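Structure, rendered in structure tokens:
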């Protein structure tokens, strides 16, 4: 697994039922494209986050297929509909098989 | 090299850049930066006394950036530099060295160090030298914590820690002392600032004092202020130290840079930091 | 055989290119291929999809991009001038609060960024925007 991979997410603490809330995610990751050459002249092998998903209470919000053109420290912002209190589940999939996860709770009044 | 000889000694290679004078036509001044809706940042203000007559206003590098880059700094979540601050915070709370202490053992929280960034580099009586934040961190590691392998001056760990210390000082007014025991180092820094380096025969002043706002290739030159360091550079996709940036500048003159952490770069950092006395601590800023 | 200076320089460049394996730029064909894989060659409308990208990006490493296509099932982002045209594809789930997403992408120089939305009824929409990428004066 890549070093120092830290996921960060931001969602509002509370919302009203049916509201579309803004979700932001950021994960520290080099997103090595496989196109760069190291100081020895050889290609540095590709290692990227190739997929990101956000679910809320087990239902899909967004599922993103990612290619090497997404920047270092991948950042995504999107909206989620929340009908009830619950938990967001965030998952990042690394080329090397590592999976990084984070969660965030939201209270719906 | 004195200022006077410098002004007379512009080489033909840089005339295109050097002849133009400052050009703020393309730069939108007057905007304000408020981070997280609460930390007010001074991005333009009156120059320190020793620069009166040189600048009418000093500008943070933020002013020279595009809307998109500016916006990334206005919110900690959007600022990728904060990822490294978080890593610095983790290290701050982790014991290191034979004494079994962490930074938190003595300093409790990073916030207790909130005045550090604004007043460094500063004279250190005990060591009889001007110290940067990085040197201070190394001092803690080697003299108090018993760390056998202290951070490299420009290592990722060091930049993370320096970024943490800058981040808790954001909004504070840069106020580095240039007189008293620091005066000699400051004078050396000033001399370096106005010395032309490399095959291009460029001094710091050629670009950052006399041509800020003008284009160098397709990029706007800033005043070269360091109040936003360590800064997240989009180019590097990482945080970058002041000395690393100095090295890059001198290398780009096709000169032989001083070493990172060298007395020359410490002196230059003190001098350049003092040119920003009056601006706010902004690190980790976001720059191109 | 005599060789002109120009031939010599040209040969040298070709050799250098072969030696260093200069990064390939996605060909128009590769872009079309990626689009066809997503659309199956269907016609694309231009209404109902918005692509927001800076006209001038300060650095090609981190270019903020936002796409929006109300009602879309998925939106694919492509960068025509990158070594590989695909950037990412947003697949919206049942709890998507809107069919909008933003991210930060890499652009290898000035080029056209393409967004294609797949609607639930099997139709497609596309938006394109040219982004100029600044070449800075300083390495640092």
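Residue numbers (full-length UniProt numbering), protein chains in the order written: chain W, 1 to 109; chain V, 1 to 288; chain D, 1 to 140. Backbone N, C-alpha and C fix where the C-beta goes; we use that ideal spot for every residue, glycine too. Only a predicted model underlies this, so the values are computations on that prediction, with no experimental measurement involved.
> Since residue 79 (chain D) contacts residue 113 (chain D) with CB under 8 Å, what's their CB separation in whole angstroms?
Replying inline: Counted from its first residue, the third chain places residue 79 (chain D) at position 79. Counted from its first residue, the third chain places residue 113 (chain D) at position 113. The C-beta separation of residue 79 (chain D) from residue 113 (chain D) comes to about 6 Å, placing the pair in contact by the 8 Å criterion.
> Nearest CA to the CA of residue 133 (chain V): which residue from V:113, V:147, V:149, V:144?
Replying inline: The count along the second chain starts at 1 and reaches residue 133 (chain V) at position 133. Selected option, being the one with the closest Cα: V:113.
>> Distance check for residue 107 (chain V) and residue 84 (chain W), CA to CA, integer angstroms please.
In response: For this step, residue 84 (chain W) is matched to residue 84 along the first chain. For this step, residue 107 (chain V) is matched to residue 107 along the second chain. Going from the Cα of residue 84 (chain W) to the Cα of residue 107 (chain V) covers about 43 Å.
> What residues in the stretch 76–92 of chain V have a beta carbon less than 9 Å from any beta carbon of chain W?
Replying inline: Listed by position, the residues of the stretch 76–92 of chain V near chain W (Cβ gap below 9 Å) are 77, 78, 80, 82, 83, 84, 86, 87, 90.
>> Counting only Cβ-Cβ distances shorter than 8 Å, please list the residues of the stretch 60–79 of chain W near chain V, keeping chain order.
In response: Hits within the stretch, in order: 71, 72, 73, 75.
> Who pairs with residue 92 (chain W) in a beta bridge, going by DSSP?
Replying inline: Locating residue 92 (chain W) in the first chain gives position 92, where the first residue counts as 1. Looking at the DSSP assignment, residue 92 (chain W) forms a beta bridge with W:52, W:100.
>> Once the 5 residues before and after residue 88 (chain W) are set aside, which same chain residues still bring their CB inside 8 Å of it?
In response: Along the first chain, one-based indexing puts residue 88 (chain W) at 88. Excluding positions up to five away in sequence, the list reads 9, 11, 23, 54, 55, 56, 61, 80, 103, 104, 105, 106.
> Between the Cα of residue 154 (chain V) and the Cα atoms of V:211, V:247, V:79, V:125, which residue gives the shortest distance?
Replying inline: As a first step, residue 154 (chain V) must be located in the second chain, where it is residue number 154. Nearest option by C-alpha distance: V:247.
>> Just to make sure I have the definition right: I need the residues of chain V whose C-beta is within less than 9 Å of the C-beta of residue 135 (chain D). Which are they?
In response: By one-based count along the third chain, residue 135 (chain D) stands at place 135. Residues of chain V with a Cβ closer than 9 Å to the Cβ of residue 135 (chain D) are, in chain order, 217, 218, 219.
> So who's on the other strand from residue 108 (chain W), going by DSSP bridges?
Replying inline: Within the first chain, the letter at position 108 stands for residue 108 (chain W). Residue 108 (chain W) is bridged by DSSP to W:15.
> Roughly how many angstroms separate the alpha carbons of residue 144 (chain V) and residue 13 (chain W), rounded to a whole number?
Replying inline: The sequence position of residue 144 (chain V) within the second chain is 144, counting from 1. The sequence position of residue 13 (chain W) within the first chain is 13, counting from 1. In this structure, the straight-line span from the alpha carbon of residue 144 (chain V) to that of residue 13 (chain W) is close to 42 Å.
>> If you reduce the DSSP assignment to three classes, tell me which class residue 49 (chain V) lands in.
In response: Here residue 49 (chain V) is taken as the residue at index 49 of the second chain, counted from 1. Residue 49 (chain V): helix per DSSP, three-state reduction.
> Closest by CA to residue 75 (chain D), which one among D:110, D:84, D:62, D:98?
Replying inline: Looking up residue 75 (chain D) in the third chain gives position 75. Ranking the options by Cα distance to residue 75 (chain D), first place goes to D:98.
> Are the beta-carbon atoms of residue 83 (chain D) and residue 35 (chain W) separated by less than 8 Å?
Replying inline: For the purposes of this step, residue 83 (chain D) is identified with residue 83 of the third chain, where counting begins at 1. For the purposes of this step, residue 35 (chain W) is identified with residue 35 of the first chain, where counting begins at 1. Contact flag set, yes.
> Quick one: Cα of residue 118 (chain D) to Cα of residue 48 (chain W), how far?
Replying inline: Looking up residue 118 (chain D) in the third chain gives position 118. Looking up residue 48 (chain W) in the first chain gives position 48. CA-to-CA, the gap between residue 118 (chain D) and residue 48 (chain W) works out to about 25 Å.
>> Against chain V, with Cβ distances strictly below 8 Å, would residue 59 (chain D) count as a contact?
In response: Numbered from 1 along the third chain, position 59 holds the residue referred to as residue 59 (chain D). It does: the Cβ of residue 59 (chain D) has a partner Cβ on chain V nearer than 8 Å.
> In angstroms, rounded to a whole number, what distance separates the CA positions of residue 38 (chain V) and residue 118 (chain V)?
Replying inline: As a first step, residue 38 (chain V) is located in the second chain; it is residue number 38 there, counting from the start. As a first step, residue 118 (chain V) is located in the second chain; it is residue number 118 there, counting from the start. Residue 38 (chain V) and residue 118 (chain V): Cα-Cα distance of roughly 18 Å.
>> Taking 8 Å as the threshold (beta carbon to beta carbon), is residue 62 (chain D) in contact with chain W?
In response: Here residue 62 (chain D) refers to the residue found at position 62 when the third chain is read from its first residue. Between residue 62 (chain D) and chain W, the shortest Cβ-Cβ separation is below 8 Å.
> At least one CB of chain D closer than 8 Å to the CB of residue 69 (chain V): is that the case?
Replying inline: In the second chain, the residue the question calls residue 69 (chain V) occupies position 69. Output row for residue 69 (chain V): interface = yes.
> Can you tell me whether residue 281 (chain V) is buried or exposed, with buried defined as 16 or more other CB within 10 angstroms of its CB?
Replying inline: Taking the second chain and counting its residues from 1, the one referred to as residue 281 (chain V) is at position 281. Burial call: buried.
> Considering only residues of the same chain and omitting the five flanking positions on each side of residue 71 (chain W), which have a CB-CB separation below 7 Å?
Replying inline: Taking the first residue of the first chain as position 1, residue 71 (chain W) is located at position 71. The residues are 31.
>> For the alpha helix (DSSP H) containing residue 252 (chain V), name the first residue and the last one.
In response: Your numbering for residue 252 (chain V) matches position 252 in the second chain. Unbroken alpha helix (DSSP H) run through residue 252 (chain V): 242–252.
> How is residue 67 (chain V) classed by DSSP in three states: helix, strand or coil?
Replying inline: The residue labelled residue 67 (chain V) in the question sits at position 67 within the second chain. In this structure, DSSP gives residue 67 (chain V) a helical state, which the three-state scheme calls helix.
> At what residue ranges does the UniProt domain "Cytochrome c" (83–169) of chain V contain a whole run of the beta strand (DSSP E), taking only runs of 3 or more?
Replying inline: Complete beta strand (DSSP E) runs here, min 3: 122–124, 129–131.
> If you measure beta-carbon to beta-carbon, which residues of the stretch 80–114 of chain D are closer than 7 Å to chain W?
Replying inline: Interface annotation for the stretch 80–114 of chain D against chain W: 82, 83, 84, 86, 87, 88, 89, 90, 91, 92, 93, 94, 95, 96, 97, 98, 100, 101, 102, 103, 104, 105, 106, criterion Cβ-Cβ distance under 7 Å.
> If you drop the 5 nearest sequence neighbours on each side, which residues of the same chain put their C-beta closer than 7 Å to that of residue 221 (chain V)?
Replying inline: As a working mapping, residue 221 (chain V) is identified with position 221 in the second chain. For residue 221 (chain V), where only same-chain residues beyond five positions count, the Cβ hits under 7 Å are 207, 208, 211, 212, 213, 214.
> Going along chain D in order, which residues have a C-beta closer than 8 Å to the C-beta of residue 65 (chain V)?
Replying inline: Along the second chain, one-based indexing puts residue 65 (chain V) at 65. Ordered by position in chain D, the residues that pass the 8 Å Cβ test against residue 65 (chain V) are 58.
>> As an exercise, report each continuous alpha helix (DSSP H) stretch of at least 4 residues that is fully enclosed by the stretch 26–67 of chain D, in chain order.
In response: Within the stretch 26–67 of chain D, the complete alpha helix (DSSP H) runs of at least 4 residues are 28–39.
> Can you name the residues of chain D whose CB is closer than 7 Å to the CB of residue 234 (chain V)?
Replying inline: Position 234 of the second chain, counted from the first residue, corresponds to residue 234 (chain V). By Cβ distance, chain D contributes 58, 59, 61, 62.
> Hey, would you say residue 283 (chain V) sits closer than 8 Å to residue 163 (chain V), going by beta carbons?
Replying inline: For the purposes of this step, residue 283 (chain V) is taken as residue 283 along the second chain, with counting starting at 1. For the purposes of this step, residue 163 (chain V) is taken as residue 163 along the second chain, with counting starting at 1. In contact: residue 283 (chain V) and residue 163 (chain V) (Cβ atoms closer than 8 Å).
> Leaving out the 5 sequence neighbours to the left and right, which residues in its chain are closer than 6 Å to residue 159 (chain V) when beta-carbon positions are compared?
Replying inline: Position 159 of the second chain, counting from 1, holds the residue named residue 159 (chain V). Here residue 159 (chain V) has 230, 239, 241 as same chain residues with Cβ atoms under 6 Å from its own Cβ, once five neighbours each way along the sequence are excluded.
> If you run the structure through DSSP and keep just helix, strand and coil, what is residue 7 (chain W)?
Replying inline: Counting from one through the first chain, the residue named residue 7 (chain W) turns up at place 7. Three-state DSSP puts residue 7 (chain W) in a strand.
> In chain order, what residues of the stretch 264–288 of chain V put their CB closer than 7 Å to some CB of chain D?
Replying inline: Listed by position along the chain: 288.
> What's the gap between the Cα of residue 96 (chain W) and the Cα of residue 38 (chain W)?
Replying inline: Counting from one through the first chain, the residue named residue 96 (chain W) turns up at place 96. Counting from one through the first chain, the residue named residue 38 (chain W) turns up at place 38. Rounded to the nearest angstrom, the gap between the Cα atoms of residue 96 (chain W) and residue 38 (chain W) is 19 Å.
> Per DSSP, residue 88 (chain D) forms a beta bridge with which residues?
Replying inline: Working through the third chain from its first residue, we reach residue 88 (chain D) at position 88. Residue 88 (chain D) is bridged to W:66, D:77.
>> Quick check on residue 75 (chain W): does DSSP put it in helix, strand or coil?
In response: Counted from its first residue, the first chain places residue 75 (chain W) at position 75. DSSP, read as helix, strand or coil, puts residue 75 (chain W) in strand.
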